[in-house]
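The next block holds one structure in the form of structure tokens; read it before the comments.
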Amino acid sequence: MSGPFDVADADRRHLWHPYTQHGLGEEPVPIARAAGAYLYDMSGRAIFDGISSWWVTLHGHAQPAIARAIAEQAATLEQVIFAGFTHEPAARLAAALVERAPAGLTRVFYSDDGSTAVEVAVKIALQYWQLRGEARRLVAALENAYHGDTFGAMAVSARGLFTAPFAEQLFEVARLPDPVDGDPVAALERLLSARGSELAAVIVEPMLLGSGGMRMWSADALRSMRELTAAHGVPLVADEVLTGFGRTGPLFACEHAGIAPDLMCLSKGLTGGFVPMGATLATEALFERFRSNDRKRTLFHGHSYTANPIACAAGVASLALLDHGSAERRRAIERSHRAAGERLARLPAIRNVRVLGTVIAMELAASDAGYLSGVGLALKRFALDRGVLLRPLGDTVYVLPPYCATDADLSKAYDVIAEFAEQL
Ligand SMILES: *Cc1c(COP(=O)(O)O)cnc(C)c1O
Numbered sequence: 000m001s002g003p004f005d006v007a008d009a010d011r012r013h014l015w016h017p018y019t020q021h022g023l024g025e026e027p028v029p030i031a032r033a034a035g036a037y038l039y040d041m042s043g044r045a046i047f048d049g050i051s052s053w054w055v056t057l058h059g060h061a062q063p064a065i066a067r068a069i070a071e072q073a074a075t076l077e078q079v080i081f082a083g084f085t086h087e088p089a090a091r092l093a094a095a096l097v098e099r100a101p102a103g104l105t106r107v108f109y110s111d112d113g114s115t116a117v118e119v120a121v122k123i124a125l126q127y128w129q130l131r132g133e134a135r136r137l138v139a140a141l142e143n144a145y146h147g148d149t150f151g152a153m154a155v156s157a158r159g160l161f162t163a164p165f166a167e168q169l170f171e172v173a174r175l176p177d178p179v180d181g182d183p184v185a186a187l188e189r190l191l192s193a194r195g196s197e198l199a200a201v202i203v204e205p206m207l208l209g210s211g212g213m214r215m216w217s218a219d220a221l222r223s224m225r226e227l228t229a230a231h232g233v234p235l236v237a238d239e240v241l242t243g244f245g246r247t248g249p250l251f252a253c254e255h256a257g258i259a260p261d262l263m264c265l266s267k268g269l270t271g272g273f274v275p276m277g278a279t280l281a282t283e284a285l286f287e288r289f290r291s292n293d294r295k296r297t298l299f300h301g302h303s304y305t306a307n308p309i310a311c312a313a314g315v316a317s318l319a320l321l322d323h324g325s326a327e328r329r330r331a332i333e334r335s336h337r338a339a340g341e342r343l344a345r346l347p348a349i350r351n352v353r354v355l356g357t358v359i360a361m362e363l364a365a366s367d368a369g370y371l372s373g374v375g376l377a378l379k380r381f382a383l384d385r386g387v388l389l390r391p392l393g394d395t396v397y398v399l400p401p402y403c404a405t406d407a408d409l410s411k412a413y414d415v416i417a418e419f420a421e422q423l
């Protein structure tokens, strides 16, 4: 007779976790269920999810309307091949995305996650130039960028700790300075005059370099990069995988600058954080370049689960929630972040407090800066012991909550950061 299933034991024997060094012997926390802004462990202990479970949970965990939409869709049409077939959830979600996206983005290509959404954008841009009969192979990207973990996405991401083992296999990218402490606009101007005829696309995380350290940059620089790329006919790719769906305040971060990119990558919050899905939005001009009676001019890209109906139904339900009361919730979170930011900035061990929409970030005093900094790991443990999930990026601490988080929930996260910083 077998006893109750031993999660920890099976995990220890059989699982390989993401971004996890198993040699350090840190046991993962088994989570039994989640609701709203909270995770609950096997003993029922509540943990405030201060990072929206890796930036995906939008409205809250187990949000009933999305859970219902998923259950109904699963019982109606769970999956169908998306080449040669279509379905209502895919068409509804595409129409809803286009209606809300920056002007001119009229075509939706579905994929599985943020990395694939970036792969698709890069492939569309590269093949677009081939279809025009021009050999443009160079992509420009920002220093400290993060665009995902598949090869193309890694190539356009900043080179460093994460990409080092694969450096030789990554294609050449023209690197523009991080807009927080450099001038990517001047660098892009120089690049356009030196290698403009080779430049196939420019990719940016608008307003917020996420994994690169929650670095917030200016709408002016973004607008200038849009003007330059537009003037030279170079597609601008906005990677809104993190910033999409209200994370930075407006529905899309591009709205801060009043710009529309040629390609936009979405994932993370696309399904409200329930099921994986990616989408790449494109202009009609890009789409038209592929449309032909010549089958060789096809975008030969697709995934087994492209436009999975369950994921699309979750997306439709999530967008409906974004239309109702979400903007006020996001503004309340931003106000709460700003008030807490003033308080936290007074602590000697905290530097550079910044807020953009529902994201507050800061640096902790540390003897070892960077992703492997021990101070972040220490805070993560300190917070978890006090019922708060934080996952600093090295010495950069941030709170990025589900939109249902209340002032009281948020205070738990701010207090735990303050308490930790006071003892540094
Ligand atoms: C998380 C992230 C990605 C990668 O998304 P995955 O779903 O993890 O593959 C790409 N771009 C940005 C800006 C991200 O934050």
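Numbering that gives the first Met the number 0 numbers the first residue of the sequence shown as 0 and each following residue consecutively.
Cβ coordinates follow ideal geometry from the N, Cα and C atoms, glycine included.
Between the C-alpha atoms of residue i and residue j, what's the straight-line distance to the nearest angstrom?
i: residue 364; j: residue 329; result: 29 angstroms
i: residue 32; j: residue 65; result: 16 angstroms
i: residue 180; j: residue 42; result: 46 angstroms
i: residue 271; j: residue 248; result: 16 angstroms
i: residue 281; j: residue 119; result: 10 angstroms
i: residue 285; j: residue 278; result: 15 angstroms
i: residue 2; j: residue 25; result: 25 angstroms
i: residue 196; j: residue 174; result: 16 angstroms
i: residue 216; j: residue 205; result: 8 angstroms
i: residue 407; j: residue 417; result: 15 angstroms
i: residue 0; j: residue 12; result: Summary for residue 0: the model assigns pLDDT 46, below 50, so the residue's position carries little reliability; its value from the coordinates is reported in the next sentence. Their Cα atoms are separated by approximately 21 angstroms.
i: residue 114; j: residue 57; result: 19 angstroms
i: residue 410; j: residue 400; result: 12 angstroms
i: residue 54; j: residue 269; result: 11 angstroms
i: residue 310; j: residue 69; result: 8 angstroms
i: residue 428; j: residue 143; result: No answer is possible for residue 428: it lies beyond the span of the chain, which begins at 0 and ends at 423.
i: residue 4; j: residue 226; result: 58 angstroms
i: residue 338; j: residue 85; result: 48 angstroms
i: residue 388; j: residue 127; result: 43 angstroms
i: residue 72; j: residue 366; result: 52 angstroms
i: residue 62; j: residue 357; result: 19 angstroms
i: residue 332; j: residue 27; result: 29 angstroms
i: residue 394; j: residue 372; result: 6 angstroms
i: residue 152; j: residue 167; result: 15 angstroms
i: residue 316; j: residue 60; result: 14 angstroms
i: residue 383; j: residue 30; result: 13 angstroms
i: residue 259; j: residue 102; result: 6 angstroms
i: residue 378; j: residue 355; result: 22 angstroms
i: residue 182; j: residue 220; result: 8 angstroms
i: residue 509; j: residue 232; result: Here the chain covers residues 0 to 423 and nothing more, so residue 509 does not appear.
i: residue 46; j: residue 375; result: 18 angstroms
i: residue 326; j: residue 293; result: 46 angstroms
i: residue 124; j: residue 422; result: 50 angstroms
i: residue 170; j: residue 253; result: 27 angstroms
i: residue 141; j: residue 386; result: 36 angstroms
i: residue 321; j: residue 243; result: 11 angstroms
Applying the criterion that 16 or more other CB atoms from any shown protein chain within 10 Å of the CB defines a buried residue, is residue i buried or exposed?
i: residue 18; result: exposed
i: residue 146; result: buried
i: residue 160; result: exposed
i: residue 89; result: buried
i: residue 261; result: buried
i: residue 362; result: buried
i: residue 79; result: exposed
i: residue 238; result: buried
i: residue 299; result: exposed
i: residue 347; result: exposed
i: residue 117; result: buried
i: residue 190; result: buried
i: residue 246; result: buried
i: residue 8; result: exposed
i: residue 10; result: exposed
i: residue 256; result: buried
i: residue 36; result: buried
i: residue 342; result: exposed
i: residue 297; result: exposed
i: residue 75; result: exposed
i: residue 295; result: exposed
So is the beta-carbon of residue i under 7 angstroms away from any non-hydrogen atom of ligand 2?
i: residue 145; result: The model depicted lacks ligand 2 and carries ligand 1 instead.
Quick test of your reading: residue i and residue j, contact by CB under 8 angstroms. State the CB separation rounded to the nearest angstrom.
i: residue 214; j: residue 177; result: 7 angstroms
i: residue 199; j: residue 136; result: 6 angstroms
i: residue 156; j: residue 162; result: 6 angstroms
i: residue 202; j: residue 97; result: With 8 angstroms as the limit, residue 202 and residue 97 do not qualify as a contact, their Cβ atoms being about 21 angstroms apart.
| query | Counting only runs that start and end within the stretch 242-312, where is the alpha helix (DSSP H) found for 4 or more residues in a row? | reply | 253-256 and 283-289
| request: Could you pull out every unbroken beta strand (DSSP E) segment of at least 3 residues lying fully inside the stretch 150-194, listed in chain order? | output: List check, beta strand (DSSP E) in window: 172-175.
| request: Please go through the stretch 98-127 and give each complete beta strand (DSSP E) segment of 3 or more residues, from N-terminal end onward. | output: 104-110
| request: Please specify which runs of the alpha helix (DSSP H), each continuous and at least 4 residues long, are wholly inside the stretch 22-84, giving them in chain order. | output: 51-54 and 63-73
| Where are the alpha helix (DSSP H) runs, 4 residues long or more, that stay fully inside the stretch 198-233, in chain order? | 218-230
| message | Threshold first: 3 residues or longer. Then list the beta strand (DSSP E) segments lying entirely within the stretch 357-413, N to C. | response | 358-363 and 395-398
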